[in-house]
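Written below as structure tokens is the structure these notes are about.
There are 2 protein chains.
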Amino acid sequence: MRSPVIDNLQYVNWSETAFRQLRLGGVDAIHVTIAYHESFREAVLNVSQWNRWFEQYPDLIVRGTSAACVRHAMETGRTAVFFGFQNPSPIEDDIGLIEVWHQLGVRFMQLTYNNQSLLATGCYEDDDSGLTRFGKQAVEEMNRVGMVVDMSHSGDRSTLEAIEHSRRPIAITHANPKWWHNALRNKSDDVLKALTGSGGMLGFSMYPHHLKDGPNCTLVSFCEMIAEAATRYGVQNLGIGSDLCQDQPDSVVTWMRNGRWSKQMDYGEGSADHAGFPPQPDWFADNRDMPNLTEGLRKVGFSELEVEGIMGANWLRFYEASFGPEA
Amino acid sequence: MRSPVIDNLQYVNWSETAFRQLRLGGVDAIHVTIAYHESFREAVLNVSQWNRWFEQYPDLIVRGTSAACVRHAMETGRTAVFFGFQNPSPIEDDIGLIEVWHQLGVRFMQLTYNNQSLLATGCYEDDDSGLTRFGKQAVEEMNRVGMVVDMSHSGDRSTLEAIEHSRRPIAITHANPKWWHNALRNKSDDVLKALTGSGGMLGFSMYPHHLKDGPNCTLVSFCEMIAEAATRYGVQNLGIGSDLCQDQPDSVVTWMRNGRWSKQMDYGEGSADHAGFPPQPDWFADNRDMPNLTEGLRKVGFSELEVEGIMGANWLRFYEASFGPEA
């Protein structure tokens, strides 16, 4: 069997067109965000919406719960869809909901979005107080059932403590190194060394605010950054987490940033002048452009095996080790 | 492999003692009620409680979601536990929650408890208006995902319409024939003929209000009733659904009968003088007595193969056909 193509973070405004683009781009599996600030009950509505799409488009997409689902999707010419949360709001204050969400297919959960959560501190807070009492127990429960701790939006201290506390490797599903582009959401060398040194995975983001030169970032610059990261962290711990936010109305980025927690406008990584979603770089407008990445990685000197690893085989190996009950 | 022992309806106040009794009685699988009047969120708490028990007692019990789980439980010396609702309250007004509940392991749902529901009419209402608009669509959705329609507490018209409307065989998991004991909750010959004639299953109840002579019912009388039912309906459509309500405080039967719908006391099958749970017949006090039933069925002349069918093989065949997506 050929090596899979996996994008481990997308937040597209899904439609039949978008599902067809996944197939046209040869994407075998995606991890999609199904909650930012949703309560338990609200996030269940998002599961129901996906259930309806699985029913409506059985030739294009299929529910993903294990590594075997990726292989099954490849054999049947479909894209396996894995669920994740960018905030722990759907578990509310109830540790029992972690296993319930695992039963409903959730395989990644960020301990925080940008703010302090019940579990840890987000990267926009002034003071990162690390994992909370509930946070430590939640990480243990996630380890037990097979839900990956994702620290993409968390502060450095919380992230380092999560890496330390977790018995299983964790992930930063969508971010880039600060040494390439010094954005608040990108990660320090220390964090990335601790992450990958413990077997964790980094997914490279193509969200313009995470890119050097923003929407004007070149494919060569992006791929050279990945080459440098491979030297520093080991190519086996690297994958894609594009953070593709395609076809979303700007009201959605407002929900992502403001939820219900603020009556003031919070522009997050944007600004009053550029409040909406930024334009994508022209070499990655939607999933049909996925082969551009493969080509870009080849051109900066990666071997075919290394390209396959970054484009999906590394995530698949991580899925294999992460989604079942703890051994 | 030996034939399984399955009790397809229990509502025990579960404890380590009760789980050990399942093992001592040689019970390979049970269908347990996890909701009477619970909302969606409340019923999720009951799933969480079971998740905790599965974690705490992995040597005694295991989650059941398919017929294969029964065989796995038998191979590992445990009891497989399948979930069901005696009321559709946990789907609230949302058809999407049927698949969500299937994902969470629910395999049986009564369209009603004793009262009118959003789906159909319970057997305590004066006027049975049959399946509602939502009820018809809910049956179709249950058919699609593999959740069994259970009409144990429904009125005759609703039951006959459910049998007619359902594309897959349905069940009456816990009731007895009215011709043996004319209780409100027992079923008419017409209903039982329509049920079994369409491949549906009847589980015989040992809840005293459903028994001839109540708690004084003899094992011989119970087994002779089953023999007559086998003549009328075919032995292959018969199983056990004991309705064992062991170790429950009387506050629980008040919840079952009154939920939140009434400020007056409703005594259901009981009375002001006998408001609590009735005492069990002495030959079926708890799961350790399960072999008494096997012996009782042998004594009224069933062949060994017929006894095995009634004691579990018929339910296992029904599980095999019922819990997966519609073919």
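Here the protein sequences come in this chain order: A and B.
Counting in the numbering used here, the first sequence runs from 1 upward without gaps.
Counting in the numbering used here, the second sequence runs from 1001 upward without gaps.
Just so it is clear, CB atoms sit at the ideal spot from N, CA and C, and this is done for glycine as well.
Reduced DSSP category for residue i - H, G, I as helix; E, B as strand; rest coil
{"i": "B:Q1103", "result": "helix"}
{"i": "A:L119", "result": "coil"}
{"i": "B:Q1021", "result": "helix"}
{"i": "B:M1290", "result": "helix"}
{"i": "A:A313", "result": "helix"}
{"i": "A:A171", "result": "strand"}
{"i": "B:F1318", "result": "helix"}
{"i": "B:V1300", "result": "coil"}
{"i": "B:V1149", "result": "strand"}
{"i": "A:L211", "result": "coil"}
{"i": "A:H274", "result": "coil"}
{"i": "B:M1109", "result": "strand"}
{"i": "B:N1258", "result": "helix"}
{"i": "B:L1219", "result": "helix"}
{"i": "A:R133", "result": "helix"}
{"i": "B:D1127", "result": "coil"}
{"i": "B:Y1267", "result": "coil"}
{"i": "A:R2", "result": "coil"}
Between the CA atoms of residue j and residue i - distance to the nearest angstrom
{"i": "A:K299", "j": "A:R20", "result": "28 Å"}
{"i": "A:I30", "j": "B:A1043", "result": "31 Å"}
{"i": "B:D1077", "j": "A:N292", "result": "With the sequence shown as reference, residue 1077 of chain B is identified as Gly, and Asp is not the correct amino acid for it. Each residue's Cα considered, the two are about 54 Å apart."}
{"i": "B:T1074", "j": "A:R107", "result": "In the sequence as presented, Thr is not what sits at residue 1074 of chain B; that position holds Met. If I take the Cα positions, the gap works out to 30 Å."}
{"i": "A:A327", "j": "A:N143", "result": "10 Å"}
{"i": "B:L1060", "j": "B:W1053", "result": "10 Å"}
{"i": "B:N1314", "j": "B:D1028", "result": "13 Å"}
{"i": "A:V100", "j": "A:V5", "result": "29 Å"}
{"i": "A:T218", "j": "A:H209", "result": "14 Å"}
{"i": "A:G312", "j": "A:V253", "result": "28 Å"}
{"i": "A:G276", "j": "A:N13", "result": "15 Å"}
{"i": "B:G1135", "j": "B:N1115", "result": "14 Å"}
{"i": "A:Q137", "j": "B:H1102", "result": "28 Å"}
{"i": "A:G301", "j": "A:V307", "result": "9 Å"}
{"i": "A:Q264", "j": "A:L22", "result": "37 Å"}
{"i": "B:Y1113", "j": "B:S1154", "result": "7 Å"}
{"i": "A:S322", "j": "A:D273", "result": "41 Å"}
{"i": "A:T132", "j": "B:Y1267", "result": "48 Å"}
{"i": "B:H1072", "j": "A:E304", "result": "43 Å"}
{"i": "B:D1282", "j": "B:R1288", "result": "12 Å"}
{"i": "A:A171", "j": "A:F318", "result": "9 Å"}
{"i": "A:E350", "j": "A:F284", "result": "Absent from the model: residue 350 of chain A. The displayed extent of chain A is 1 to 327, so no value can be given."}
{"i": "B:V1032", "j": "A:V139", "result": "31 Å"}
{"i": "A:D286", "j": "A:I34", "result": "19 Å"}
{"i": "A:P58", "j": "A:T79", "result": "10 Å"}
Distance CB(residue i)-CB(residue j) smaller than 8 Å
{"i": "B:V1047", "j": "B:L1097", "result": "no"}
{"i": "B:G1200", "j": "B:G1241", "result": "no"}
{"i": "A:S166", "j": "A:V191", "result": "no"}
{"i": "A:G130", "j": "A:E161", "result": "yes"}
{"i": "B:G1084", "j": "B:G1324", "result": "no"}
{"i": "A:Y11", "j": "A:D250", "result": "no"}
{"i": "A:S158", "j": "A:A120", "result": "yes"}
{"i": "A:H174", "j": "A:S221", "result": "no"}
{"i": "B:Y1233", "j": "B:K1187", "result": "no"}
{"i": "A:S117", "j": "A:E38", "result": "no"}
{"i": "A:M256", "j": "A:G25", "result": "no"}
{"i": "B:N1087", "j": "B:Q1110", "result": "yes"}
{"i": "A:E164", "j": "A:I95", "result": "no"}
{"i": "A:P169", "j": "A:G214", "result": "no"}
{"i": "B:W1050", "j": "B:V1081", "result": "yes"}
Below-8 Å beta-carbon distance, residue i vs any chain D residue
{"i": "B:R1041", "result": "Absent from the structure: chain D. Protein chains present are A and B."}
In DSSP terms, what residue i is bridged to
{"i": "A:L160", "result": "In the DSSP output, where bridge partners are listed per residue, A:L160 has none listed."}
{"i": "B:S1154", "result": "B:G1122"}
{"i": "B:T1033", "result": "B:G1084"}
{"i": "B:P1177", "result": "B:K1187"}
{"i": "A:M201", "result": "A:A171"}
{"i": "A:L10", "result": "Going by the sequence as given, residue 10 of chain A is Gln instead of Leu. Its beta-bridge partners are A:V32, A:L244."}
{"i": "A:I98", "result": "Note: A:I98 sits in no beta bridge, so no partner."}
{"i": "A:T79", "result": "A:I61"}
{"i": "A:L331", "result": "Because residue 331 of chain A is not part of the residues shown, which for chain A are 1 to 327, the question remains open."}
Inter-stretch contact (C-beta, 8 Å, three-pair minimum) for the region 1115 to 1134 of chain B and the region 1054 to 1066 of chain B: no
Three-pair Cβ contact test at 8 Å for the region 250 to 261 of chain A versus the region 226 to 237 of chain A: no
Three-pair Cβ contact test at 8 Å for the region 1008 to 1025 of chain B versus the region 219 to 235 of chain A: no
Touching by the beta-carbon criterion (3+ pairs, under 8 Å), the region 175 to 190 of chain A and the region 2 to 9 of chain A: no
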